[in-house]
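Which chain is which? The protein sequence lines are L and P, in order. Each residue of the first sequence is one higher than the one before, starting from 1 at the first, in my numbering. Each residue of the second sequence is one higher than the one before, starting from 575 at the first, in my numbering. Since the structure comes first, as structure tokens, the remarks are kept for the end.
Protein chains: 2
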Amino acid sequence: MIKILCSPLTKLPALKWLKIYNTSALQADAMAALIVTIMLIPQSLAYAMLAGLPPATGLYASILPLLAYALFGSSRTLAVGPVAVISLLSANAVGLAHITSGLDVLTLSMTLALLSGMLMLIMGLLKLGFIANLLGRPVVIGFITAAGILIALGQLKHILGIPLSGHNLPELAHGLLQYGSDTHLLTAVVGVVSIVFLWWARTPLTHLLCCFMSATAASTLSKMAPVSAVVIAILLVSNLGLDQQGVKVVGHIPSGLPSLAWPELSWLLASTLMPPAIMISLIGYVESISVAQTLANKRRQQIEPNHELLGLGAANIASAASGGFAVTGGFSRSVVNFDAGAQTPMAGVFTAVGIALASLYLTPYLALLPKAVLGATIFVAVLTLIEPHEIKFTWKYSKHDFAAMMITIGMVLCVGVEAGVMAGVVATISLMLWRTSRPHTAIVGPISGSEHFRNITRHNVAQFEQVITLRIDESLFFGNVRYLDNQFNALLAQSPGVEHLILMASGINHIDSSAVKSLLEFNQRLQDKGIQMHLSEVKGPVLDRLKRVNFAEQLTGTIYLSQHQAWQDLTKAP
Amino acid sequence: MIKILCSPLTKLPALKWLKIYNTSALQADAMAALIVTIMLIPQSLAYAMLAGLPPATGLYASILPLLAYALFGSSRTLAVGPVAVISLLSANAVGLAHITSGLDVLTLSMTLALLSGMLMLIMGLLKLGFIANLLGRPVVIGFITAAGILIALGQLKHILGIPLSGHNLPELAHGLLQYGSDTHLLTAVVGVVSIVFLWWARTPLTHLLCCFMSATAASTLSKMAPVSAVVIAILLVSNLGLDQQGVKVVGHIPSGLPSLAWPELSWLLASTLMPPAIMISLIGYVESISVAQTLANKRRQQIEPNHELLGLGAANIASAASGGFAVTGGFSRSVVNFDAGAQTPMAGVFTAVGIALASLYLTPYLALLPKAVLGATIFVAVLTLIEPHEIKFTWKYSKHDFAAMMITIGMVLCVGVEAGVMAGVVATISLMLWRTSRPHTAIVGPISGSEHFRNITRHNVAQFEQVITLRIDESLFFGNVRYLDNQFNALLAQSPGVEHLILMASGINHIDSSAVKSLLEFNQRLQDKGIQMHLSEVKGPVLDRLKRVNFAEQLTGTIYLSQHQAWQDLTKAP
Chain L
1 MIKILCSPLT KLPALKWLKI YNTSALQADA MAALIVTIML IPQSLAYAML
51 AGLPPATGLY ASILPLLAYA LFGSSRTLAV GPVAVISLLS ANAVGLAHIT
101 SGLDVLTLSM TLALLSGMLM LIMGLLKLGF IANLLGRPVV IGFITAAGIL
151 IALGQLKHIL GIPLSGHNLP ELAHGLLQYG SDTHLLTAVV GVVSIVFLWW
201 ARTPLTHLLC CFMSATAAST LSKMAPVSAV VIAILLVSNL GLDQQGVKVV
251 GHIPSGLPSL AWPELSWLLA STLMPPAIMI SLIGYVESIS VAQTLANKRR
301 QQIEPNHELL GLGAANIASA ASGGFAVTGG FSRSVVNFDA GAQTPMAGVF
351 TAVGIALASL YLTPYLALLP KAVLGATIFV AVLTLIEPHE IKFTWKYSKH
401 DFAAMMITIG MVLCVGVEAG VMAGVVATIS LMLWRTSRPH TAIVGPISGS
451 EHFRNITRHN VAQFEQVITL RIDESLFFGN VRYLDNQFNA LLAQSPGVEH
501 LILMASGINH IDSSAVKSLL EFNQRLQDKG IQMHLSEVKG PVLDRLKRVN
551 FAEQLTGTIY LSQHQAWQDL TKAP
Chain P
575 MIKILCSPLT KLPALKWLKI YNTSALQADA MAALIVTIML IPQSLAYAML
625 AGLPPATGLY ASILPLLAYA LFGSSRTLAV GPVAVISLLS ANAVGLAHIT
675 SGLDVLTLSM TLALLSGMLM LIMGLLKLGF IANLLGRPVV IGFITAAGIL
725 IALGQLKHIL GIPLSGHNLP ELAHGLLQYG SDTHLLTAVV GVVSIVFLWW
775 ARTPLTHLLC CFMSATAAST LSKMAPVSAV VIAILLVSNL GLDQQGVKVV
825 GHIPSGLPSL AWPELSWLLA STLMPPAIMI SLIGYVESIS VAQTLANKRR
875 QQIEPNHELL GLGAANIASA ASGGFAVTGG FSRSVVNFDA GAQTPMAGVF
925 TAVGIALASL YLTPYLALLP KAVLGATIFV AVLTLIEPHE IKFTWKYSKH
975 DFAAMMITIG MVLCVGVEAG VMAGVVATIS LMLWRTSRPH TAIVGPISGS
1025 EHFRNITRHN VAQFEQVITL RIDESLFFGN VRYLDNQFNA LLAQSPGVEH
1075 LILMASGINH IDSSAVKSLL EFNQRLQDKG IQMHLSEVKG PVLDRLKRVN
1125 FAEQLTGTIY LSQHQAWQDL TKAP
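See the structure below:
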């Protein structure tokens, strides 16, 4: 056990790339780090605001966690830090716990990050990453879409300068109706102009820049737009005194590095925060690994899922220990890091140094930043989380999956993020059970001149009165035993002259104990009617299992290797 | 909608058999009813005691419910009434609700029967019977085994005459240790002698009787043993005055027919009792339909699952309206009814008349019946619910299913029946997801001289360096997308010279939207490496779905009808 738990530590991914680290990689990493640092400063402040925390915590969450991930993570180019949906999850959970426990929100946020990090570590050490598989694509896309909408609407608080709050659509809509008329005009001008500028910079500007430089450079440069907005806004505030005229600014940020301290963890607090911590660790992991996987595929690198869990777990624990909140791998900053040429996680180390310098020397300037500008950067960033083509694809491909997606979106919007994800997971599993409980079956016959058997209603195949072959296109398990029993009975009622029934098992990947009992009973019933039951194309693992209970001995017929053999044997003249 | 809801009523099963009812059927039914009535009287009293209710309610639960089932149910020979496990569920639920609501247990039991009946009716009308599929064989057997143990131990209260109570093994064990020394000697003698007699009558006596009569008659006669025990015990009590010496008897039973009255139903009460009502309706249905199915198969009759739900729902509502408690189809009495020659549900009507006569004229005698004798009949009856060979079969066949069974048994014994069934269902679904998340895959090649492809590690097959065929033995869905992605990558790393990858889809019964996206991404990655991806043996329904998103156009290779074609096409000399 100790060996299993320690093995990830003796196989640190960092040891691998550090061995071959050289000057050219160092230059590339430093350059990428510079660009990511500039991009990460406003993002850190914005997501701290989204998480309901003082702006400095955003910077703190972007220093030690980056070092921790660089040491333990397996992706070469993933950029870790605060991200929108995780900040929203943190804000919701902490808001609730603040009311019940009376503890301050920062302590609660740190505790939540600690718990999430510990869960990720445990999942990584025990190789339980597969639990995240429960979050299917419909649930993840549905969750991100709806969370994006909620986050965007929530930013209207800062963009319009109104006291808006709420965890779901009805609450936010109610707040908007109530306070909409209190909009602070100057704040709204700053906010709306920022949105327009950022939106323009995202696509039209990129297209324009493409005329002068490579597409990658244009895209990276356009991602610097938030920084220019921040710089311009700070200059405007300091020169025009906008903060005196009621435009809310970030305000004093203590300069310096974060101090190290563990949040105190009581059983009561841990049990209150455990459900959101589970949610954050699963969603954070799913989000991050898909980014890491996409980037690794581009450079033919490998991602090791369990190391990713260790890396993200360490990052969250580091965040908790240094006054930060929950973090994970972010999509846009990882892409910038990758495009700017980062070679190794050393880029993350350099970024951490950059952010540390910013929190030492830039805080007096950042204090003048209008909250409306931060709100605008969040607003524009999260709108790109909404991907209509993904929703359309799902609609076209599977109505079931679309239903699960809509249930997730609807529940997240109307009730809240946690209820939405839970409902989505329950819906996906229920729909899967429902589908497999009514499996597709087909009566098949041979296509003439081949050994190939196909559905008699779709293809022109040979048929034989005394021999029926039924292909069942599903594993047999407790959920479909009773349905299949009804199908068997109906089939026999329609086929009076039958003497042999062949179950073609090419689509049967597993037979559970409920189903094997049912098959034995059916075999008995067929025997009473003078019909022999045979199996064909039984897969190796299924056959191995049937042998354990002497199935072949109890079967009235034969288990054939191939359907062709069974057909030849049973249809030849007696 | 109205048509759908009414159709079951216009197709009453009773209309079918009443049309062809004749004197010979009437004689057979009357004979069977007489035997079942004699058997049902002590059972009714015993299960009322188990349900924590006055003995008369057991008789009431065996009058109107039988008429209701005869009208709506689809089984010809099922005998409905109080049964052990449902009585236990009712007792537990009502005991809890009694403390929180303060209402008397009889009202609560009637309300619970009403809710369970309504749930069964709704499931029957909306054809939702498939929900009961969730209870797989391991869960049902585990639940019944553990409930049998709990019920048997609980009867020690009556058999030993001690104030024992408890809903799980630790509570009962604690009670036994505490009160064991208070055992009332005379009561214990009556109880233990009854157990020994009933146990002897069950097997040794049947074997003895077989020497003189047919096996069926011997078995039916031996099932009358509880009645003889009851008669002998009543005679002993009235002659020796055992009740004066501290042997607890059933006591005064009001003679007469049940009065009709609906239990009042408040929202609060309904929501408190809803979880146990769901449990009772599902378990009652699963129990009953498996008995009905077994008996119907013997006489080549049909069971209509949705009519069964209507029949059982009507029976429970009738029980609630006439001072009874939750009922369902019972195994032993149905077998007796069947073996005694019952032809139609008219036997049930006659049985109801018999029980009504008993509650009119026999109650003064039944009042003298020692509770220890009733406890002994329950004790012996439920011990037969424990089927070690079923548990052994599951152990041999599937360790997963065995684990789910043990979790159910453990939780029922240590926590309680509801927690146990819930844990069993969650365990079954989790284990199924875990299994399907790591599907069996095999690299296959053709068996020489045939069109048949088999695992290269199990069979002697042809191989080809440039062409690899991977057979995936599982539907592709959100749960196994990431695992398969890893498998793909590992496969490619091992096979440097490959130019064509064929995915043999004979085991793929469904591809969900998460998986189709992943396949498209994998196809893209292969293209980057100059490898073509092909599919073969894709099933019709899967192919139809792939067409919706123009999968074939995006695929770098071809979708072949058969693996044989794909192999011939791709391995032939260029």
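For every residue, glycine included, the Cβ atom is placed at its ideal position computed from N, Cα and C.
Excluding sequence positions up to five away, which residues of its chain have a Cβ less than 7 angstroms from the Cβ of residue i?
i	result
T556/L	N523, L526, Q527, Q532, M533
A566/L	I502, H534, S536, Y560
I718/P	V659, L959
G1081/P	R1045, I1046, D1047, E1048
L809/P	none
I863/P	I877, P879, E882
G341/L	A28, M31, A32
Excluding sequence positions up to five away, which residues of its chain have a Cβ less than 6 angstroms from the Cβ of residue i?
i	result
E1039/P	G1071
A91/L	A51, G52
H184/L	G161, G246
Strictly by DSSP, which residues pair up with residue i?
i	result
L1050/P	I1085/P
Y532/L	Contrary to the premise, residue 532/L reads as Gln rather than Tyr in this sequence. In DSSP, Q532/L forms a bridge with H500/L.
Y1134/P	S1110/P
P944/P	V823/P
A1016/P	R1045/P
Helix, strand or coil for residue i, going by three-state DSSP, please let me know.
i	result
T457/L	coil
L1044/P	strand
L53/L	coil
G632/P	helix
G154/L	helix
T757/P	coil
G928/P	helix
V901/P	coil
V80/L	strand
Q301/L	coil
E1127/P	helix
N22/L	coil
P276/L	helix
D1143/P	helix
V989/P	coil
Taking 8 angstroms as the limit between beta carbons, can you name the residues of its chain near residue i, skipping five residues before and five after?
i	result
D485/L	S518, F522
P828/P	A630, T937
Task: Positions along the stretch 387-403 of chain L whose CB lies within less than 9 angstroms of some CB in chain P - done: E390, F393, T394, K396, Y397, S398, H400, D401, F402
TODO: Evaluate the contact criterion for the stretch 679-693 of chain P versus the stretch 881-895 of chain P: three or more CB pairs, one atom per stretch, below 8 angstroms.
DONE: Yes: at least three Cβ pairs fall under 8 angstroms.
- [ ] Decide if the stretch 979-988 of chain P is in contact with the stretch 845-853 of chain P; the criterion is three or more beta carbon pairs, one per stretch, under 8 angstroms apart.
- [x] no
- [ ] Anything in the stretch 409-438 of chain L with a Cβ closer than 7 angstroms to a Cβ of chain P? List those residues in chain order, please.
- [x] From the stretch 409-438 of chain L, only T428, I429, M432, R435, S437 have a Cβ closer than 7 angstroms to chain P.
- [ ] Please list the residues of the stretch 648-677 of chain P that have a C-beta atom closer than 9 angstroms to any C-beta atom in chain L, keeping them in chain order.
- [x] none
- [ ] Identify each residue in the stretch 507-521 of chain L for which the Cβ-Cβ distance to at least one residue of chain P is less than 7 angstroms, and report them in chain order.
- [x] Within the stretch 507-521 of chain L, the qualifying residues are G507, N509, H510, D512, S513, S514, V516, K517.
Open item on the list: Would the stretch 37-46 of chain L count as touching the stretch 224-242 of chain L if we require 3 or more Cβ pairs under 8 angstroms?
Closed with: Result yes; three or more Cβ-Cβ pairs closer than 8 angstroms.
Open item on the list: Counting beta carbon pairs with one atom in the stretch 699-711 of chain P and one in the stretch 645-663 of chain P, are three or more of them shorter than 8 angstroms?
Closed with: no
Open item on the list: Quick check: the stretch 774-783 of chain P against the stretch 587-607 of chain P, are at least 3 beta-carbon pairs closer than 8 angstroms?
Closed with: Contact annotation: the stretch 587-607 of chain P does not touch the stretch 774-783 of chain P, with fewer than three C-beta pairs closer than 8 angstroms.
Open item on the list: For the stretch 464-478 of chain L, list every residue whose C-beta sits within 7 angstroms of some C-beta in chain P, in sequence order.
Closed with: D473, E474, F477, F478
Open item on the list: Any C-beta of chain L within less than 8 angstroms: which residues of the stretch 1112-1132 of chain P qualify?
Closed with: K1113, G1114, P1115, R1119, R1122, V1123
Open item on the list: Using a Cβ distance threshold of 8 angstroms, determine whether the stretch 145-158 of chain L contacts the stretch 168-188 of chain L, with at least three qualifying pairs required.
Closed with: yes
Open item on the list: Check whether the stretch 1110-1122 of chain P and the stretch 997-1011 of chain P are in contact - that is, three or more C-beta pairs closer than 8 angstroms.
Closed with: no
Task: Near-chain L residues of the stretch 1025-1036 of chain P (beta-carbon distance less than 7 angstroms), N- to C-terminal order - done: Within the stretch 1025-1036 of chain P, E1025, H1026, N1029, R1032 place their CB atoms closer than 7 angstroms to a CB of chain L, listed in sequence order.
Open item on the list: So, does the stretch 709-717 of chain P touch the stretch 970-986 of chain P, judging by three or more C-beta pairs under 8 angstroms?
Closed with: Counting Cβ pairs under 8 angstroms, three or more are found: they touch.
- [ ] Say whether the stretch 97-110 of chain L touches the stretch 365-373 of chain L, bearing in mind that this needs 3 or more beta-carbon pairs closer than 8 angstroms, one atom from each stretch.
- [x] no
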